[in-house]
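Notes to accompany the following structure.
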Amino acid sequence: CASIRSHQTSAQARIFAARALALDEGLAEAHTSSAFERVTQWDWSGAEQAFRRAIELNPRYATAHFWYARMLAGLGRYDDALERLREAHRLEPLSRVIRDNLTQFHILRNEPAIALVEARRLVELAPDYPSGHALLGRVLLLNGKPDEALALIRNATLYIQRALLAAGLVSPQPTGTTP
């Protein structure tokens, strides 16, 4: 059932991107959507061509750089991916998603000291972002600081529990119980 919805969503994305490009070939956003849809179809060369076109049309469109970086990393082109990710970050320095991915990229490159700097900046930038706390906890573990890591991971868990409770997705825990 989920794969049918995914296939339908992908088909709709393809149609909408094609319509947008038919209306205006100069829309970087439409080329990025087309590229992203091509990635889901494993059409790497078509996706790369569409990402490059999007960036050519609007070099300041951080989303195109970000998703292009994700594709390049998936293809093992890590130096190119890091370049695109850094450009996305330069364009959108307050984006927690981009900084989160940049931090994870440094983890993958076995650069725990750089990842630690990025993760700390992420938590400073977005103290209410649970994934940032969890990521910083993970990086602290990699840097040999388990006590500090555990405190941050507990923080992330509390943020997530509060968010789920506020959204009505979970019931409050009875007094005296632990999650």
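Under the working numbering, the residue at position 48 of the sequence shown is numbered 371, and the numbers go up by one with no gaps. Note that the Cβ used here is the ideal one computed from N, Cα and C, for glycine as well.
Ordered along the chain, which non-local residues of its own chain (more than five positions away) have a Cβ less than 6 Å from that of Ala377? Against the sequence shown, residue 377 aligns to sequence position 54. Hits under 6 Å: Ala351, His354, Thr355, Ala387.
In this structure, does DSSP put Asn424 in helix, strand or coil? The sequence position of residue 424 within the sequence shown is 101, counting from 1. Helix at Asn424.
In three-state terms, what does DSSP make of Leu464? As a first step, residue 464 is located in the sequence shown; it is residue number 141 there, counting from the start. Note: Leu464 maps to helix in three-state DSSP.
CA-to-CA distance, Ser368 to Lys468, given in whole angstroms: Counting from 1 along the sequence shown, the entry for residue 468 is found at position 145. Counting from 1 along the sequence shown, the entry for residue 368 is found at position 45. As the crow flies, the alpha-carbon of Lys468 is around 42 Å from that of Ser368.
Nearest-angstrom beta carbon gap, Ala442 and Val462 [assumed within contact, 8 Å]: To locate residue 462, count along the sequence shown from 1; it is residue 139. To locate residue 442, count along the sequence shown from 1; it is residue 119. Taking a contact as a CB-CB distance under 8 Å, the pair Val462 and Ala442 counts as one, their CB atoms being some 4 Å apart.
Where Gln372 falls: helix, strand or coil (DSSP): On the sequence shown, residue 372 is found 49 positions in, with the first residue counted as 1. Helix at Gln372.
Judging by CA-CA distance, which residue of Leu414, Ala489, Leu458, Phe359 is the nearest neighbour of Arg477? The residue you call residue 477 lines up with position 154 of the sequence shown. Of the listed residues, the one whose Cα sits closest to Arg477 is Leu458.
Determine the extent of the alpha helix (DSSP H) in which Ala438 is found, giving its start and end residues. For the purposes of this step, residue 438 is taken as residue 115 along the sequence shown, with counting starting at 1. 435-448 is the extent of the alpha helix (DSSP H) around Ala438.
From Leu465 to Val440, what distance separates their C-alpha atoms? Position 142 of the sequence shown holds residue 465. Position 117 of the sequence shown holds residue 440. When only Cα atoms are considered, Leu465 and Val440 end up about 13 Å apart.
Residue of Leu398, Ser454, Phe359 minimising C-alpha distance to Asn424: Within the sequence shown, residue 424 is the residue found at index 101, counting from 1. Ranking the options by Cα distance to Asn424, first place goes to Ser454.
My assumption, with CB atoms under 8 Å, is that His412 sits in contact with Arg422. Please give the rounded CB distance. Position 89 of the sequence shown, counting from 1, holds the residue named residue 412. Position 99 of the sequence shown, counting from 1, holds the residue named residue 422. Yes, His412 and Arg422 are in contact; Cβ-Cβ is about 7 Å, under 8 Å.
Along the alpha helix (DSSP H) that carries Ala490, what are the first and last residues, could you check? Stepping through the sequence shown from its first residue, residue 490 is reached at position 167. Careful: Ala490 lies outside any alpha helix (DSSP H) and carries neither H nor E.
Applying the criterion that 16 or more other CB atoms from any shown protein chain within 10 Å of the CB defines a buried residue, is Trp365 buried or exposed? The count along the sequence shown starts at 1 and reaches residue 365 at position 42. The residue is exposed, with fewer than 16 neighbouring Cβ atoms inside 10 Å.
Kindly indicate which residue of Asp451, Leu417, Asp470, Leu398 has the alpha-carbon position closest to the one of Arg485. Against the sequence shown, residue 485 aligns to sequence position 162. The shortest C-alpha to C-alpha distance from Arg485 to any of Asp451, Leu417, Asp470, Leu398 is the one to Asp451.
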